[in-house]
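**Q** Residues in the sequence shown are numbered from 28 upward in steps of one, following my numbering.
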Amino acid sequence: MPSEKIIKIVDEIKNLSKGKEECYKLIIDPDKTPNITDSKFGGLPYWDMNKYFPTDARGNKMILLAQLNLEQLGVKKPLPEKGILQFFITNDGNYVYGMNFDNPTVQTGFRVIYHDSIDYSITEEEIIAAGIPLGIDDDENIYSPVIKECYVKAEKSKSYCSPDAQYDFDIIFKTAVKNVLGEDTEDVDFYEYLDFYNKNNDEDRDYFYDELSSDGHRMLGYPYFTQSDPREYNDNLKKYDTLLFQIDSEMIGDSDYVLWGDCGVANFFIPHEKLEKLDFSDILYNWDCC
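This is the structure we're talking about:
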């Protein structure tokens, strides 16, 4: 059983206004086959034939990473409540998946596209005839973290600030400890304070990370990283304060559906004021793995 101390700290983090955020958890439904306008990971994207399809720096058509039918998902503001939001990446052939390590906000290797209305008369045959590629990894011509096209549904949820979530976790942790235990932890990090280096403290450590985990697929809420938050050491990136979309690695049964390198995760961040204006031209794209 976890200790009373760790339970109190976790509960306080969850209760703090800066320790929790509303979000929409995205769930893969392996039993449902998505159509051209459904919410999904990978596969053939919906496309408005009056628009120019996104291409990478080499002029090659990008592949679909994820497509979110916002009305179908039932999301609310600050997200758009209608239309389709799409995330494309370049088929770069080297498993970088369009990420720019030097400037992760330049949309040359990835693109975020918003269709404010949907033409339900568009057919799959028209999409294929336009030469738009299928966005799933086929081990030969397409290099995508999405292994299988999959239908996605949403569930309103909460996410909590965790050690894996955001660069300001230490501030929230210190506040929680001060509130429930009256102790000042200014000179010690949370791992040392909670004695997590002690192998005999596995139950506390597991409870702490499990209860505050921010992994999984989601829109809004706190992000998850296997390495570190790219905004932590770059002040120019701190304006990207809202998690627009997170897509994690996931296996269901014995089948991989999404796999970022060695079980990594990808995040797309947007400045909150840009999201309010439904302006998706300014995005921070990051992915990392163990």
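For glycine and all other residues, C-beta sits at the position ideal for the given N, C-alpha and C.
Treat the numbers as computed from the prediction; the structure is a model and nothing was measured.
(1) Tell me whether R85 is buried or exposed, calling it buried when 16 or more other Cβ atoms sit within 10 Å of its Cβ.
(2) What did DSSP end up calling N294 once you bin it into helix, strand or coil?
(3) With DSSP collapsed to three states, give me the class of E182.
(4) Using the beta-carbon count (16 or more within 10 Å), is N313 buried or exposed?
(5) Would you kindly report the start and end of the unbroken beta strand (DSSP E) that includes Y284?
(6) Looking only at DSSP bridge pairs, what is I111 linked to?
(7) Select from M89, P257, L221 and I274 the residue whose C-alpha is nearest the C-alpha of S241.
(8) Under a CB-based cut-off of 8 Å, is C317 close to chain B?
(9) Any idea what DSSP makes of R245, helix, strand or coil?
(10) Do you know offhand how far D231's Cα is from K47's?
(11) If you reduce the DSSP assignment to three classes, tell me which class V207 lands in.
(12) Could you give the uninterrupted runs of the beta strand (DSSP E) lying entirely in the stretch 32-83, keeping only those of 3 residues or more?
(13) Name the residue from I174, E98 and I310 whose alpha carbon lies nearest to the alpha carbon of D15.
(14) Helix or strand or just coil, what does DSSP make of T132?
(15) Per DSSP, which one or two residues make a beta bridge with L311?
(16) Suppose the cutoff is 6 Å on Cβ atoms and the five residues either side in sequence are ignored; what does the same chain contact list for K35 look like?
(17) Below 7 Å CB to CB, which residues in the same chain sit around G101 once its five sequence neighbours on both sides are set aside?
(18) For the alpha helix (DSSP H) that contains D237, what are its first and last residues?
**A** Reading it off the structure:
(1) The residue is exposed, with fewer than 16 neighbouring Cβ atoms inside 10 Å.
(2) If DSSP states are grouped into helix, strand and coil, N294 belongs with the strands.
(3) Residue state, collapsed to three classes: strand.
(4) The residue is buried, with at least 16 neighbouring Cβ atoms inside 10 Å.
(5) Its beta strand (DSSP E) spans residues S282 to V285.
(6) N96 and H142, per the DSSP bridge assignment.
(7) Residue I274 holds the alpha-carbon nearest to the alpha-carbon of S241 among M89, P257, L221 and I274.
(8) Within the model displayed, chain B is absent; a lone protein chain is all it includes.
(9) Strand.
(10) If you take the alpha carbons of D231 and K47, they lie about 20 Å apart.
(11) In the structure shown, V207 sits in a helix (DSSP, three-state: H, G or I).
(12) Fully contained in the stretch 32-83 are the following beta strand (DSSP E) runs of length 3 or more, in chain order: 47-56.
(13) With the chain covering 28 to 317 only, the question about residue 15 has no answer from this structure.
(14) It is coil, neither helix nor strand.
(15) By DSSP's assignment, L311 forms a beta bridge with F296.
(16) Closer than 6 Å at the Cβ level, and outside the excluded window around K35, lie V207.
(17) By the criterion of a C-beta distance shorter than 7 Å, G101 is surrounded in its chain by A181, once the five residues flanking it on both sides are discounted.
(18) Counting along the chain, the alpha helix (DSSP H) containing D237 begins and ends at D229 to E238.
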